[in-house]
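First to last, the protein sequences are chains A and B.
Residues in the first sequence are numbered from 4 upward in steps of one, following this note's numbering.
Residues in the second sequence are numbered from 471 upward in steps of one, following this note's numbering.
So the structure is just underneath, and the comments pick up after that.
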Amino acid sequence: MAPDELIRENHAGAAPLLANAAVSRGALRIEEEVVALFDEFREPLGRYLLALGLPVPDTEEIIQETFLSLFEHLKKGKPRDRIRGWLFRVAHNLGLKRRNESRRMCGAARDANEIEELVADPSPGPEEQLSSREMGRRVRAVVRALSEQDRRCLYLRAEGLRYRELADVLDMSLAAVSISLARSLGRIARVTER
Amino acid sequence: MQEQNFHLSDEQLLLFLEGELPKNAAGAAREHVEGCWRCRARCKEFEQAIGDFIRVHQDGLEAKLPAAGPRALLRAQMAERVSAESGNHGFAARVPLRALWAAAACVALAVGWLVVRTEMEWRSGARPGESVSLPDASLTPGATVLLSRQAVCREENIKNKTVPVALRRRVFQEYGMPRAESRAYEVDYLITPALGGAEDIHNLWPQPYSSVWNAQVKDELEDRLRELVCSGSLDLSEAQREIASDWVGAYKKYFHTDRPLEEHRRSSSGANEAK
């Protein structure tokens, strides 16, 4: 074999390896990025999904699914801006899908307010704890009476999403977001007046 | 913006409080609120309502969230996707440097595993040649989800979830046994989910079916501990600690025996399905 043929052959063999190594390095970088975002957003996403009425195991699974989708999203070189809104939107959609499936299979899923009732601290305490429990009970009653969309707005805002992000996740207008939040907080304010 | 003798609407006040108004409108709103006691009082009501809601909302839900997320599972699943796409058969194979480190780690782990295993055999009183099944505490210290005793005992289905294939493979890799005959092992939970154990690589290890102290014997211990926890005779965290630190020792303690009971070994024969 002529020397230049050897060189060509070596190049031909090395090219896929080099390309593979570059892909691997890129994937590893993205993996680290996804894990960092997982550490940052796992808790807020978990709280939101639990508030939607999903049980803990489903919540964990949906969070995994959400971050795997993010991994695919980033691997395809899609935009990294507004990642928080993107994560909540994906988790929200997966959460609703899972909840609807559970409802079809085993009747109505537990809604967020029932969960809040379950996790409320039932232990007896001093007088100030009693009034704080009473306050908690009233707030839960108001939230339970809100429309589902108003509740979702509150839950997402509680996780720190700005109005633009809320509008994107819930597919609402900005005006509708502010009307919804003002309505909900106005109702809570009425029952917790001091 | 309205004159002083008008008031801002609830939406305008909330947008102002939330910093969602455009700059010019925010300045005008601030000026109005500073001069208007009624709007200031309304702002305060909103702030209090936000405080009351957030307290009720987050306090309750935080108690339900597992403390440590299964980050290892996410890593394993991402690695699996990458290797499936690139046609490689392992995460380590993708980067030469990483492969070198992995090989070095495998050797170290294999040596470590032998040392630990010998020590455990000695501690457990197994006859020479009998394999025992205790995890490497540095790889499998045990991991739990934050569940109350009531939540653990309310769960009727105590059958363990099947460990995903990607995670099983990762466990074998972590233990330096990437080519192990997977049918010969159960990738078992150290702290069973029936006692609040997490689906996390730190809570999983490959347990050989061939050992005397095998997965089915451990299942019997898990059932006993769960009974004790749910009857209030044993604290959940204590049960988790005992099974995570030395499950063989816990078995001996709770069944008052130095060897697996005959009926537990008999019930285990041929039962290769993870409970």
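The C-beta atom is built at its ideal place from N, Cα and C for all residues, glycine as well.
- For E64/A, the uninterrupted alpha helix (DSSP H) segment begins and ends at V59 to K78.
- Taking the C-beta atoms as reference points, L159/A is found nearer than 8 Å to L169/A.
- For L484/B, a Cβ of chain A is located within less than 8 Å of the residue's own Cβ.
- Contact of I713/B with chain A is not assigned, every C-beta pair being separated by 8 Å or more.
- P540/B has its alpha-carbon roughly 15 Å from the corresponding atom of T662/B.
- For L484/B, the enclosing alpha helix (DSSP H) stretches over residues D480 to L487.
- Comparing alpha-carbon positions, the option among R545/B, W507/B and L487/B lying closest to I520/B turns out to be L487/B.
- Across the structure, E137/A and K534/B are spaced so that their CA atoms are roughly 21 Å apart.
- Only residues of its own chain outside the window of five on either side were considered, and among them L149, D153 and L157 have a CB closer than 6 Å to the CB of S187/A, listed in chain order.
- If you look at Y659/B, you'll find it isn't in any alpha helix (DSSP H); it sits in the beta strand (DSSP E) that goes Y655 to Y659.
- When secondary structure is reduced to three states using DSSP, L544/B falls in the helix class.
- CA-to-CA, the gap between A621/B and L531/B works out to about 14 Å.
- Our two residues, D689/B and R190/A, have alpha carbons roughly 52 Å apart in a direct line.
- Check the Cα spacing between R545/B and each of E36/A, S183/A and R193/A: the tightest is with E36/A.
- Assigned with DSSP and collapsed to three states, G667/B falls in strand.
- Residues of the same chain with a CB within less than 7 Å of the CB of F41/A, apart from the 5 flanking positions on each side, are F70 in chain order.
- Within chain B, no residue has its beta carbon less than 8 Å from that of E168/A; the closest one is some 11 Å off.
- At a C-beta separation below 9 Å, R155/A has no neighbours in chain B, since its nearest C-beta there lies roughly 12 Å away.
- Judged by their CB atoms, C509/B and H477/B are nearer to each other than the 8 Å cut-off.
- With its beta carbon less than 8 Å from one in chain B, M138/A belongs to the interface.
- Taking the Cα positions, D716/B is about 22 Å away from K629/B.
- The criterion of a C-beta distance shorter than 8 Å is satisfied by P605/B and L660/B.
- In the structure shown, P678/B adopts extended strand secondary structure according to DSSP, grouped into three states.
- For the 8 Å CB-CB criterion, A542/B and H734/B do not form a contact.
- For E68/A, same chain residues with a beta-carbon under 7 Å away, outside a window of 5 residues either side, are L97 in chain order.
- Taking 8 Å as the cut-off, the Cβ atoms of T614/B and A685/B do not count as close.
- Between L483/B and F516/B, the CB-CB gap stays under 8 Å.
- According to DSSP, T614/B shares a beta bridge with G667/B.
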